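Residue numbers (the numbering used here), protein chains in the order written: chain A, 1 to 160; chain B, 161 to 320.
Below is one structure, written out as structure tokens, with a few remarks after it.
Number of protein chains: 2
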Amino acid sequence: MLKLTKKADYGLIALKYLAEHPEKTAVSAKDVADAYGIPAQLLAKILQQLTKSGLLKSHAGMNGGYALARDPGKISTFEVILAIDGPFFITSCTKGAKDCELSHNCTIKEPLARVNDTIAGVLKSISISDLTDHESAEGHAGDIAKIGLVSLSTHVVEAK
Amino acid sequence: MLKLTKKADYGLIALKYLAEHPEKTAVSAKDVADAYGIPAQLLAKILQQLTKSGLLKSHAGMNGGYALARDPGKISTFEVILAIDGPFFITSCTKGAKDCELSHNCTIKEPLARVNDTIAGVLKSISISDLTDHESAEGHAGDIAKIGLVSLSTHVVEAK
DNA sequence: CTTAATTACGACCTAAGCGGTCGGATATTC
DNA sequence: GAATATCCGACCGCTTAGGTCGTAATTAAG
Chain A
1 MLKLTKKADY GLIALKYLAE HPEKTAVSAK DVADAYGIPA QLLAKILQQL
51 TKSGLLKSHA GMNGGYALAR DPGKISTFEV ILAIDGPFFI TSCTKGAKDC
101 ELSHNCTIKE PLARVNDTIA GVLKSISISD LTDHESAEGH AGDIAKIGLV
151 SLSTHVVEAK
Chain B
161 MLKLTKKADY GLIALKYLAE HPEKTAVSAK DVADAYGIPA QLLAKILQQL
211 TKSGLLKSHA GMNGGYALAR DPGKISTFEV ILAIDGPFFI TSCTKGAKDC
261 ELSHNCTIKE PLARVNDTIA GVLKSISISD LTDHESAEGH AGDIAKIGLV
311 SLSTHVVEAK
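Structural data, given as structure tokens:
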């Protein structure tokens, strides 16, 4: 279905929240959970994962909580999703082509891998601070094309 | 995890196979299944779905089978995935924002919806005939940028 | 007209993963 | 030492993906 998990959603929401409140030195999982109606214990585990991945700094004890480990502009959504959901690959045949090799040539994998890279590139290009919608994120229209997009298309269809 | 299902994989593989064998007027599900080691009955159901969606034409009976309903260049991977897996949305909170509304503002959804559109645009730009890897699908490097990509990035990260 | 190939369709099953909870341990501040 | 927190592992219910089975309807070939 190509959808990302709720955990990743929650993680992104939490990081965005942290990015929007730089005045607070530490925000508890419960605070964020209450603010958005997210199950507190679940969010706690997510934030712990993000901490282990080095995206957050944690501080236990009273008045403790989490804080961004880096500038929100330096944290990509790709990293967040990776930290929470693990490495993703469009192809259900996992990367190694190990399983598909025996069943002849899964000829579709190479082009699909390029699609995978494209999507990853898009995700890498979007940082947490980009999620803070300052309404129109105009400009830089051509930059996306530089993200290592392999052009697969010989016939560009206009997207709705 | 942002991966597409095996069913979609199988469907794409089958369509590519059909596109590569235009000489055959009809290919049975079993033929394709045997060629790639795909469970025959499962593939059959997938091809039936694609037929219902108008991407394939079917012919029952002996020497029957499936054929592309259109030129492979006119069938986008987006359509295939849509036909098999149904509409996909990056956001786990389904499109209507119905469920998220009550739990305050799920501020992350708008930017994520744009990511969704971007990915959809990429998928729409890739046709079945594009999957036939004529090695380097060069050129058109900038075209992707025209696909209605909303530029979210202010800081482009180099993709691997 | 019988047989074999093939699509069409629905019921069903199983394993895995997501979303979530619970309980307890550790750390830190007041 | 009591109140907040992070930490961490075990557990659980539910959905869904992936796949099977059986059966009916269609069509071509002998």
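Glycine included, C-beta positions come from ideal geometry on N, C-alpha and C.
Computed from a prediction, not measured in an experiment: that's the story for all the values here.
1) Residues in its own chain within less than 8 Å of Asn63(A) by CB, not counting five upstream and five downstream?
2) Can Leu283(B) and Thr251(B) be called in contact, C-beta distance under 9 Å?
3) Counting only beta-carbon atoms, is Tyr66(A) nearer than 9 Å to chain B?
4) What's the gap between the Cα of Ser218(B) and the Cα of Phe249(B)?
5) Residues of chain A with a CB under 8 Å from the CB of Val192(B): which are they?
6) Flag this pair as touching only if the segment 193 to 203 of chain B and the segment 227 to 245 of chain B have three or more C-beta atom pairs under 8 Å; answer yes or no.
7) Quick one: list the residues of chain B neighbouring Leu18(A), beta-carbon separation under 9 Å, in chain order.
8) Compare the C-beta of Lys111(A) with all C-beta atoms of chain B and state if any pair is closer than 9 Å.
9) Where does Lys234(B) fall in DSSP's three states?
10) Rounded to whole angstroms, what's the CA-CA distance from Ser289(B) to Gly246(B)? Just pull it up for me.
11) So, with DSSP's three-state summary, where would you put Gly103(B)?
12) For Glu20(A), name the three-state secondary structure that DSSP assigns.
13) Write down the C-beta distance between Ala14(A) and Leu47(A) rounded to the nearest angstrom, noting that I regard them as a contact closer than 8 Å.
14) Counting only beta-carbon separations shorter than 9 Å, does Val187(B) have a partner in chain A?
15) DSSP state of Gly197(B), grouped into three classes?
16) Closest to Lys6(A) by CA distance: which of Ile81(A), Gly121(A), Cys106(A) is it?
17) Given Lys74(A), which residues of its chain have a CB within under 8 Å of its CB, disregarding the five upstream and five downstream residues?
18) Can you have a look at Gly221(B) and say buried or exposed, based on whether 16 or more other CB atoms are within 10 angstroms of its CB?
19) Near Ala83(A), what residues of its chain come up, given a Cβ to Cβ distance below 7 Å and the 5 sequence neighbours on each side ignored?
A quick look at the data gives this:
1) Ala26
2) no
3) no
4) 30 Å
5) Per Cβ cutoff of 8 Å: no residues; Val192(B) is ~11 Å from chain A at best.
6) no
7) Those within 9 Å of Leu18(A) in chain B number zero; the least Cβ separation is about 13 Å.
8) Per the sequence shown, residue 111(A) should be read as Pro rather than Lys. So yes, Pro111(A) belongs to the interface.
9) helix
10) 22 Å
11) In the structure displayed, chain B extends from 161 to 320; residue 103(B) sits before or after that span and is not available.
12) helix
13) 6 Å
14) no
15) coil
16) Ile81(A)
17) Ser127
18) exposed
19) Gln49, Leu50, Ser53, Leu55
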